[in-house]
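Peer 1: Numbering (this note's numbering), first residue to last: 887 to 1134. For glycine and all other residues, C-beta sits at the position ideal for the given N, C-alpha and C. Before I ask anything, let me first share the structure, which is written out below as structure tokens.
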Ligand code: NDP
Ligand code: 8X3
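Structure, rendered in structure tokens:
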């Protein structure tokens, strides 16, 4: 019988590439997102292998009703997420930051809690999308980095709670992946997104989907706890030093 993967945020980027990768390997895919037309397009592309669910990750009170008929799944891919703009926190929109927390943390935790009994019953797996931003701070990343640090630590602690159940949990922590991520972060500014990824050969959604598929199909006694990956052309910068009297 085909395995079932439940992918949050299947309407773009890493989630859409993962939907294609798993469906192509014979899995049944349940994919969520807010954009109905994107879900319809994936349904047209993937056919019976794909089941769309229109869902907003922030609407955690609606999860029970929306997920009522889903049943047990073999793999939960907690992928839906976004970042607020790269504004210093002291000047940022608090509402935008809280929205990201509601999506990346509250929605992810609620979704996991709803599907976990079924995952335990099937000795399934959870793969969570964290980020290098969980480990390496950068300017303007306070809310985003903190949400991804939550995802990383939540993954590790879940492994303790799931001790003895056979359920695997992995935190995937990519660097720069060219998707709609930067477009969303910059309020739809295509030029800003294109400029960021220009001439640096970023990772692609397909690269991450392949990594996720590899993790998901390892022998069941193997658990990848955390997996950090970057494009070769992205590495590390040093600390910042403020000079008195010089505007930073
Ligand atoms: P995209 O912007 O291309 O895709 C994001 C997906 O999340 C979309 O399907 C979107 O669906 C969904 N989503 C966002 N907000 C909500 C919401 N409120 N309710 C439901 N779905 C939502 O970005 P990526 O594919 O790059 O990002 C996927 C994950 O990977 C994120 O968690 C991101 O933080 C993480 N990541 C990305 C990196 C990158 O450089 N791109 C690097 C490291 C981690 P819709 O808008 O239709 O609702
Ligand atoms: C997104 C990757 O490097 O923009 O999680 O923080 S980065």
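(1) Give a yes or no on contact between the region 1018 to 1030 and the region 1079 to 1090, applying the rule of three or more CB pairs nearer than 8 Å.
(2) Return the chain-ordered list of same chain residues with a C-beta closer than 6 Å to the C-beta of residue 1044, the five sequence neighbours on each side being excluded.
(3) Is any heavy atom of ligand 1 found at a distance shorter than 7 Å from the C-beta of residue 1015?
(4) Roughly how many whole angstroms lie between the Cα atoms of residue 1087 and residue 1065?
(5) Would you say residue 957 and residue 1004 are within 8 Å of each other, going by their C-beta atoms?
(6) Are the Cβ atoms of residue 902 and residue 896 separated by less than 8 Å?
(7) Within the region 963 to 1044, note down every full alpha helix (DSSP H) run reaching 4 residues or more, in order along the chain.
(8) Got a sec: does ligand 1 put a non-hydrogen atom nearer than 7 Å to the Cβ of residue 896?
(9) Report the rounded CA-to-CA distance for residue 909 versus residue 891, giving the unit in angstroms.
(10) Please determine, among 978, 1092 and 961, the residue with the shortest C-alpha to C-alpha distance to residue 1002.
(11) Just verifying my parser: in three-state terms, what is the DSSP assignment at residue 946?
(12) Under 8 Å, do residue 993 and residue 943 count as touching if we go by C-beta distance?
(13) Hey, out of 914, 1016, 899 and 1107, whose CA is closest to residue 1040's CA?
(14) Helix or strand or just coil, what does DSSP make of residue 1076?
Peer 2: Let's see:
(1) no
(2) 1055
(3) yes
(4) 13 Å
(5) yes
(6) yes
(7) The region 963 to 1044 is shown to contain whole alpha helix (DSSP H) runs of 4 or more residues at 980 to 987 and 994 to 1007, in chain order.
(8) yes
(9) 9 Å
(10) 961
(11) helix
(12) yes
(13) 1016
(14) In the structure shown, the three-state DSSP call for residue 1076 is helix.
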